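S.K.:
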Amino acid sequence: ELWSVDGPQLVQVAAHGRSCRAPHVAVVTGAPVVVYAVDEAEIWLTDLTARRHRRIDDGRHEFCFDPVISPDGSRISWQAWSPPDMPWDGAVRVDALLDPSTLAVSEIAAWRPDGGAVQQPRFAPDGRPTCVHDGAGWLRVCRGDRTVDDAVEHAAPTWGMGQRSYTIGDDGTMLIARNDRGFGGLRAVHPDGSITDVGASGHVYGQLSMSSRRATALRSGPTSPAEVVQFARTASGEFGPPSVVAHAGAPAWERVDMPHPEPIRVEVDGTTLHARRYVAGHGRMLCWVHGGPTDQWQVEFRPRSAYWWSRGWDVLVVDPRGTTGHGREYQRALNGHWGRLDVDDTAALVAHAQRRGWATPATTVAIGGSSGGLTVLGLLADHCELVAGGVASYPVSDLADLAAATHRFEAHYTDTLVGPAEDRDRFRELSPIHRADRIAGPLLLLHGSDDPVVPAAQSALLAERIASAGGEVDHVVYEGEGHGFRDPDHQRDEYERTERFLDRIVAASR
165 ELWSVDGPQL VQVAAHGRSC RAPHVAVVTG APVVVYAVDE AEIWLTDLTA
215 RRHRRIDDGR HEFCFDPVIS PDGSRISWQA WSPPDMPWDG AVRVDALLDP
265 STLAVSEIAA WRPDGGAVQQ PRFAPDGRPT CVHDGAGWLR VCRGDRTVDD
315 AVEHAAPTWG MGQRSYTIGD DGTMLIARND RGFGGLRAVH PDGSITDVGA
365 SGHVYGQLSM SSRRATALRS GPTSPAEVVQ FARTASGEFG PPSVVAHAGA
415 PAWERVDMPH PEPIRVEVDG TTLHARRYVA GHGRMLCWVH GGPTDQWQVE
465 FRPRSAYWWS RGWDVLVVDP RGTTGHGREY QRALNGHWGR LDVDDTAALV
515 AHAQRRGWAT PATTVAIGGS SGGLTVLGLL ADHCELVAGG VASYPVSDLA
565 DLAAATHRFE AHYTDTLVGP AEDRDRFREL SPIHRADRIA GPLLLLHGSD
615 DPVVPAAQSA LLAERIASAG GEVDHVVYEG EGHGFRDPDH QRDEYERTER
665 FLDRIVAASR
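Under this note's numbering, residues 165 to 674 are what the sequence shown spells out, in order.
1) Does the Cβ-Cβ distance between SER246 and PHE227 come in under 8 Å?
2) I believe ILE597 touches SER561 by the beta-carbon criterion, under 8 Å. Please report the beta-carbon distance rounded to the nearest angstrom.
3) Check whether the segment 462 to 473 touches the segment 569 to 587, counting contact only when three or more Cβ pairs, one atom from each stretch, lie closer than 8 Å.
4) Can the beta-carbon of LEU563 be found less than 8 Å from the beta-carbon of SER595?
5) Alpha carbon to alpha carbon, how far is HIS424 from HIS438?
6) Pull up the distance between the alpha-carbon of GLU165 and that of ARG239, whole angstroms please.
7) Start and end of the beta strand (DSSP E) containing LEU691?
8) If we count the other Cβ atoms within 10 Å of its Cβ and call it buried at 16 or more, is ILE698 buried or exposed?
9) Would you kindly report the start and end of the unbroken beta strand (DSSP E) that includes PRO467?
10) Closest by CA to ALA190, which one among ASP203, CYS184, GLY237?
11) Looking at the secondary structure, which residues open and close the alpha helix (DSSP H) in which GLN132 lies?
12) When the distance is taken between beta carbons, is ILE340 closer than 8 Å to HIS318?
13) Kindly list the residues whose CB is nearer than 7 Å to the CB of HIS576, restricted to its own chain and excluding five residues on each side of it in sequence; keep chain order.
14) Whole angstroms are fine: how far does the CA of ASP421 sit from the CA of GLY260?
15) How would you write the range of the beta strand (DSSP E) that PHE403 sits in, first residue to last?
16) Quick check: the Cα distance between ARG602 and LEU382, rounded to an integer number of angstroms?
17) Would you check if the segment 491 to 503 and the segment 296 to 312 touch, i.e. whether three or more CB-CB distances between them fall below 8 Å?
18) Run through DSSP, which three-state label would GLY447 get?
19) Decide if ARG377 is buried, meaning its Cβ has at least 16 other Cβ atoms within 10 Å, or exposed.
20) If you draw a straight line from the C-alpha of ILE233 to the C-alpha of ARG664, how long is it?
21) Count Cβ pairs between the segment 603 to 612 and the segment 274 to 281 that sit closer than 8 Å; are there 3 or more?
22) In angstroms, rounded to a whole number, what distance separates the CA positions of GLN243 and TYR200?
23) Could you tell me the alpha carbon to alpha carbon distance between GLY385 and TRP275, rounded to whole angstroms?
24) If contacts are defined as beta-carbon pairs under 8 Å, then VAL514 and THR528 qualify, I think. What distance do you get, rounded to the angstrom?
25) Which whole runs of the beta strand (DSSP E) in the segment 255 to 316 are 3 residues long or more, in chain order?
26) Which of helix, strand or coil does DSSP assign to THR485?
27) Could you give the DSSP three-state label for LEU166: helix, strand or coil?
28) Please check the pair VAL540 and THR570, which I expect to be a contact at CB under 8 Å, by giving their CB distance rounded to whole angstroms.
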């Protein structure tokens, strides 16, 4: 349901009986209106005074995100795409002309750069269209027909609505969150073309907003849980130092002196692979693979990484091909090779770490969830000489089953990452469940009983096949959990169980 504040009362203004999200309110010809997404598939406009509702998209796209109204009320824009594309494959900017007097749409057009995808379509205060797109190979902010010249990413992939990695002030100043291969930063592009860094380096920023007097952001760093910060602006538009206005962390984390990670680069067959190493220096290492696979763990606060580092483990966060933050070519290199290229890239990064003497195969454990769990299983099946064992949480093990059973947003994800569903041999070749007889373990396998993304039955069948082939697997099902564990008792059990597993297999292998 969509709600509007009317004095001290909450008044229902629309009742679609479906999910309504991403509202944007504006005043058009003196009347307040709100535009919003329904079921992630339709764009609706409601006149808040007359309580009139109108669907304004034309139904050509299966997904519609983040609608916004132009400052003069003459246009509405949103992000849209249709399967088999995911949003980072081919999302477009949709622009609809709006008659301010009747609130009727007269024309709808869609645009995206050749070979690229669009996200975060909005308008500058002067009415010029703005967005982020990767038409030049990197996700960068674009205002009008000019793209900010910066060879880093300015956004994360569209896994949901509401990302705000850039903002534009009334004076034309742009504030942009940067992702330099995993390392964050915040940069201001001033109306005169000059560029300045804002705030201290070493933080990941998001959810940006700005007024003439201040800018606000959500930020996090390797030792800093999420916090809301403000930057005061001077009369000339410069930014002062940040002040913290809200903090999400427990005081205990302030006593964890976790280091900033070292960037790791490895050349493999003409491609530079990337990782980041949090150094504990005790000769044992967790190789952590992020989920997605179209995603990245930037250098922001992650309690799991901090916990295991504090327990004496190096944490090597790997970015195999398919990871975002390194440009479009690096991300899309995984297409058609999910379950193979990510596994081999991770193996190459682990082997590099061991050549440097940071750990040995007997003191290295692979760990990851979801897509990262698929990579862990692939390492155990195909590169078992590099690791003492693995921990896989709610992992993808059967790609064909995933394609048939997963939720609507990811229903066609495998079309690009693997291939057409009719190519059964390819799905079989890339799925760890069909190499289960090669997974000798030890493997700690964790899954939620109610997982809507990766069916729990995948892990049950995988555990059965590993055990039948004589492998060592400890299969744990957390009742009532979905894709990730939320219950504090289950989280505590996960940590304790994982620590017992790590202590046993590393100590036993020495």
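Cβ coordinates follow ideal geometry from the N, Cα and C atoms, glycine included.
These figures come from a predicted structure and were not determined experimentally.
M.R.: In this structure, then:
1) With contacts defined by Cβ atoms closer than 8 Å, SER246 and PHE227 form a contacting pair.
2) 4 Å
3) no
4) yes
5) 16 Å
6) Unreliable placement is indicated for GLU165, whose pLDDT of 44 sits below 50; no coordinate value is reported for it.
7) This structure does not reach residue 691, given that the chain is present from 165 up to 674, and the question cannot be answered.
8) Outside the displayed range of the chain (165 to 674) lies residue 698, so it cannot be described from this structure.
9) PRO467: not part of any beta strand (DSSP E); member of the alpha helix (DSSP H) spanning 467 to 474, first to last residue.
10) GLY237
11) With the chain covering only 165 through 674, there is no way to say anything about residue 132.
12) yes
13) PRO247, PRO248
14) Inspection of the sequence shows that residue 260 is occupied by Ala rather than by Gly. Approximately 51 Å between the Cα atoms of the pair.
15) 403 to 411
16) Looking at the two C-alpha atoms, the distance is approximately 45 Å.
17) Per the Cβ contact rule, the segment 296 to 312 is in contact with the segment 491 to 503 (3 or more Cβ pairs under 8 Å).
18) coil
19) exposed
20) 54 Å
21) no
22) 12 Å
23) 36 Å
24) Right, their Cβ atoms sit about 6 Å apart.
25) 256 to 263, 268 to 275, 282 to 287, 293 to 297, 304 to 307
26) Here residue 485 turns out to be Arg, not Thr, going by the sequence shown. In the structure shown, ARG485 sits in coil (DSSP, three-state: anything other than H, G, I, E or B).
27) With a pLDDT of 43 at LEU166, under the threshold of 50, the modelled position of this residue cannot be trusted; read the value that follows with caution. Note: LEU166 maps to strand in three-state DSSP.
28) Between THR570 and VAL540 the Cβ distance is about 19 Å, and since that is not below 8 Å, they are no contact.
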